[in-house]
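Here's the structure we're looking at; comments come further down.
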Amino acid sequence: MTDVLINDNFSGDTEIDCLIIGGGAAGLTAALAASESGAAVLVAERENRLSGSTALSSGLIPAAETNAQKRQNINDSKKTFFADIMEKNCNSADPNHVSLCVENITLALDWLEAEHGIPFHVLDDFLYPNHTNFRMHAVPEVTGEALVNYLERAVAELDIYVSCNLKIVNLVKSNNGRILGAIGERPDGSTEAISSKTIILACNGYGGNSALIAENIPEMQNAIYFGHAGNQGEAVIWGRQIDAKIDHLSGYQGHGSVAHPHGILVTWALMMEGGIQVNTNGKRFSNEHKGYSEQAVNVLSQPEKIAFNIFDERLCALGRKFEDFRKAEKANAIISADTIEDLASKLNISIGHLCETMLEIDALAEQNAVDTFGRNFNSKNRLQPPYYAVKVTGALFHTQGGLLIDSQARVIQKNGSFIQGLYACGGAACGVSGPDVAGYLSGNGLLTAISLGYVAGKSIKAIEL
Ligand SMILES: Cc1cc2nc3c(=O)[nH]c(=O)nc-3n(C[C@H](O)[C@H](O)[C@H](O)COP(=O)(O)OP(=O)(O)OC[C@H]3O[C@@H](n4cnc5c(N)ncnc54)[C@H](O)[C@@H]3O)c2cc1C
18 MTDVLINDNF
28 SGDTEIDCLI
38 IGGGAAGLTA
48 ALAASESGAA
58 VLVAERENRL
68 SGSTALSSGL
78 IPAAETNAQK
88 RQNINDSKKT
98 FFADIMEKNC
108 NSADPNHVSL
118 CVENITLALD
128 WLEAEHGIPF
138 HVLDDFLYPN
148 HTNFRMHAVP
158 EVTGEALVNY
168 LERAVAELDI
178 YVSCNLKIVN
188 LVKSNNGRIL
198 GAIGERPDGS
208 TEAISSKTII
218 LACNGYGGNS
228 ALIAENIPEM
238 QNAIYFGHAG
248 NQGEAVIWGR
258 QIDAKIDHLS
268 GYQGHGSVAH
278 PHGILVTWAL
288 MMEGGIQVNT
298 NGKRFSNEHK
308 GYSEQAVNVL
318 SQPEKIAFNI
328 FDERLCALGR
338 KFEDFRKAEK
348 ANAIISADTI
358 EDLASKLNIS
368 IGHLCETMLE
378 IDALAEQNAV
388 DTFGRNFNSK
398 NRLQPPYYAV
408 KVTGALFHTQ
418 GGLLIDSQAR
428 VIQKNGSFIQ
438 GLYACGGAAC
448 GVSGPDVAGY
458 LSGNGLLTAI
468 SLGYVAGKSI
478 KAIEL
């Protein structure tokens with residue numbers, strides 16, 4: 018049972034200053050920051066290797082006024098970044114929490130680069146939806162897997178203990194509410210008791226927990242979950258038992274472009290640079306530039322719950338910059354044709370309707386006009402033959418609701434006090450996207466993982482040791 022135990026006499030087999038539950042971007046960043054203060058740190062990871070949703074992700078981290086941006090002469094400001102996040106979530110996220118993330122992501126990325134040798138550059142060949150400036154930072158490989166590898170290598174250089182195959186099943190606290198440690202379970206069923214004055218919850222959200230999804234995000238209960246299966250929502254489950262403040266459980270990141278049935282993410286850059294989505298009737302059904310998160314719901318409400326991304330050779334070249342796209346090509350998910358008629362017949366959709374749609378967007382592009390969904394077309398991004406298409410569906414990527422924390426990442430209780438020694442970061446904490454799928458601005462996931470991981474790790478020194 019995933020319970021919080023109360024035991025004033027708790028004594029662990031292992032004693033540590035800071036136990037971090039979860040070895041994704043949030044947990045590993047927190048471990049690096051906590052370790053700098055001299056704390057003895059243990060990262061407990063339930064899987065047999067460090068990965069999480071972070072390793073499945075594209076690894077793109079938004080931040081403003083970083084050294085990487087300065088090197089690339091990108092003029093950006095934290096103020097604009099903050100405004101972009103708030104505009105996307107319709108001012109439904111706590112502005113202080115958003116500020117905390119915006120301020121600390123800059124510090125964290127510059128610090129990861131300078132102190133831990135993790136090289137970042139900014140993608141500057143297309144703008145992600147609703148971002149005013151180029152601010153998506155990535156490691157050279159531009160994958161989440163590589164990001165985890167860099168973090169893992171940095172952790173290995175310090176005296177940080179990492180224990181894989183250790184699933185934390187219980188938190189232990191004292192009668193007066195102070196964290197005392199946790200109990201972990203090994204795959205063979207044996208248990209380990211860990212004494213720790215502080216615990217950082219970095220175990221992400223509840224995307225892998227179908228009961229919590231049905232309860233909080235019913236529209237996604239039958240959708241594909243594309244995130245890490247090990248994210249079972251312990252932060253929320255434990256949080257409820259200790260009267261923690263929890264918010265925005267209905268918030269999540271969806272994605273409207275997962276190759277079907279291959280299950281490979283197809284970059285939204287194609288849509289931002291001129292591509293369109295049509296349904297099985299060959300008709301467009303939305304403004305693709307609003308955001309890929311809410312597009313999950315739009316695609317899932319189309320016939321057969323699918324859509325086709327239509328693009329061209331120029332966009333294919335852009336797509337090939339992403340490993341996922343190259344994988345989709347290798348898996349024969351990408352279909353090409355010299356004419357729209359051939360493409361429609363290969364996709365088995367109405368030739369007449371698809372031709373009509375293409376004529377419509379071509380006319381809009383020629384006139385630099387806005388369509389009825391509110392999307393702006395321009396002549397620069399006009400689609401040219403040969404044409405390409407990929408069949409996609411909508412999916413749930415990760416949840417955005419979670420524990421409310423203060424500016425030191427301390428978990429707040431309903432009565433306004435703190436659970437002494439308990440911190441949360443990444444997907445375990447409430448995010449910056451508000452309660453709705455449309456509130457997710459690209460990159461909000463790794464933004465909160467790395468910025469709040471940094472804040473939580475730094476807080477260990479200031480308060481507990
Ligand atoms: C396909 C995909 C693409 C994405 N692309 C991007 C992107 O480009 N940019 C972006 O900002 N966001 C992206 N995201 C979202 C992003 O991946 C997440 O927001 C982010 O990785 C969360 O980091 P985390 O450290 O909180 O969680 P995770 O990386 O999921 O790490 C949590 C870890 O905790 C472990 N764990 C859970 N419970 C326990 C337990 N009880 N005991 C021990 N260990 C436990 C899990 O096994 C896991 O390894 C994407 C998500 C997906 C699915």
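Residue numbering for the sequence shown follows our numbering, beginning at 18 and increasing consecutively.
Every residue, glycine too, gets a C-beta built ideally from N, C-alpha and C.
The criterion of a C-beta distance shorter than 8 Å is not satisfied by Ser-116 and Gly-451.
Taking all protein chains shown into account, Gly-462 has 16 or more neighbouring C-beta atoms within 10 Å of its C-beta and is therefore buried.
Met-375 counts as buried, since at least 16 other C-beta atoms from the protein chains shown sit within 10 angstroms of its C-beta.
The Cβ neighbour count for Thr-389, taken over all protein chains shown within 10 Å, is under 16; the residue is labelled exposed. Contact between Ile-293 and Glu-311 does not hold, since their C-beta atoms are separated by about 16 Å, which reaches or exceeds 8 Å.
Here Ala-445 is near Leu-420, since their CB atoms are less than 8 Å apart. Out of Asn-298, Thr-297, His-272, the CA that lies nearest to the CA of Met-288 is found in His-272.
A distance below 8 Å separates the beta carbons of Ile-91 and Phe-151. Residues of the same chain with a CB within less than 8 Å of the CB of Asp-260, apart from the 5 flanking positions on each side, are Gln-430, Lys-431, Asn-432 in chain order.
Asn-393 and Gly-299 have their C-alpha atoms roughly 20 Å apart.
Between ligand 1 and the CB of Phe-328, the shortest heavy atom gap is not smaller than 7 Å. Set against 7 Å, the gap from the CB of Gly-271 to the closest heavy atom of ligand 1 is not smaller. Taking the Cβ of Gly-41 as the reference point, at least one heavy atom of ligand 1 falls within a distance shorter than 7 Å. Distance from the Cα of Asp-205 is smallest, within the candidate group Asn-233, Arg-63, Ala-47, His-279, for Arg-63. Taking the Cα positions, Ala-313 is about 45 Å away from Asn-24. Nearest Cα to Ser-68 within the set His-279, Gly-308, Gln-437, Gly-44: Gly-44. Contact check for Ala-361 against Leu-371 passes: the beta carbons are separated by less than 8 Å.
In the DSSP assignment, Lys-184 is bridged to Glu-202.
Collapsing the DSSP output to three states places Ala-386 in coil.
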